[in-house]
Structures are given as C-alpha cells and as structure tokens.
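A.B. asks: Under numbering that gives the first Met the number 0, read the sequence shown as residues 0 to 117, first letter to last. Glycine included, each C-beta is placed from N, C-alpha and C at the ideal position. One structure, pasted below without further comment.
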Amino acid sequence: MELEHVSLVDSFVLSIESDESYVAFELDAALETAHERFYEPPRPGENGAYAHLRWCLRGEVWWNEGPHLDRPAIGADGERDFGGIDVWFSEGDVDHLEGEWGEVAVRGAVQTVEYLSP
C-alpha cells in the first residue's frame, strides 16, 4: 500500500522508530479528498480528514541530523507530535526525508503502509 493522496506536509509525526535497516513513522496522516478508501469528511473541530498509520521504509538508513525526539509539541488535545514530514525526495536509489524531527536518508527503500485506524 502506498501513500497516494496523503499530504505528508499536513500530517503529524507521532513517533519514530529506527535502526540501521529501517525507519518507521507513526502518523496522523492528512488525507486528500481523492483518497477514496479512507477519506471521510473532517470531524468537528478538525481542519481535514486524518488516518492513523505506520509508514515504514526498509533499507540502509543513516541520519544526517537527529532524530530529535526529546522535545515534542503538545497539541490542544494533549497528544504529542514531532511536526510533519516537510521534505521527501529521491536521488537515485536514496530517499531523503526531513522535518523538525531531523534528516534521514534510506538507500534502496522498500515501503510499507499499515493503516491503524481510519
């Protein structure tokens, strides 16, 4: 499953797990209206529709900076987050991801997406 019709910039990183062979982001993922399977109208008090998911990239992982997980933001609902995924681009077979949580690169990334709730 892919991240098609998910806006990573508007999503919230709730946690990050990582070692030298994978990096996994737990996200409150912002869904675009074209996301047929999971899109539903925003709940009261929300600006958009979100799904709780785990996005994992398996490959050779190295951190250029971070992870910075010691100072999360605390939302009005008391939930902590580490900002969004502000940048994601590929250069050859390397995926580069950046956010307030740090900068990570994954060579030969194989992605999996697990939707934990709608």
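Under the rule that 16 or more other beta-carbon atoms within 10 Å means buried, what is N46, buried or exposed?
C.D. replies: By the neighbour-count criterion, in which 16 or more other beta carbons inside 10 Å mark a residue as buried, N46 falls on the exposed side.
A.B. asks: Considering only C-alpha positions, which residue in the set R53, P43, L7, Y49 is nearest to G82?
C.D. replies: L7
A.B. asks: Report back the beta-carbon spacing between D92 and R106 to the nearest angstrom; my notes put them in contact at under 8 Å.
C.D. replies: 6 Å
A.B. asks: For the beta strand (DSSP E) holding S10, just list the boundary residues, first then last.
C.D. replies: 5-18
A.B. asks: Which residues share a DSSP beta bridge with G98?
C.D. replies: G101
A.B. asks: Per DSSP, which residues does D80 bridge with? Please list them.
C.D. replies: A72
A.B. asks: Grab the span of the beta strand (DSSP E) containing R53 for me, first residue to last.
C.D. replies: 48-64
A.B. asks: Straight-line CA distance for D27 to L96?
C.D. replies: Taking the straight line joining both Cα atoms gives about 17 Å.
A.B. asks: What three-state label does DSSP hand E90 in the structure shown?
C.D. replies: strand
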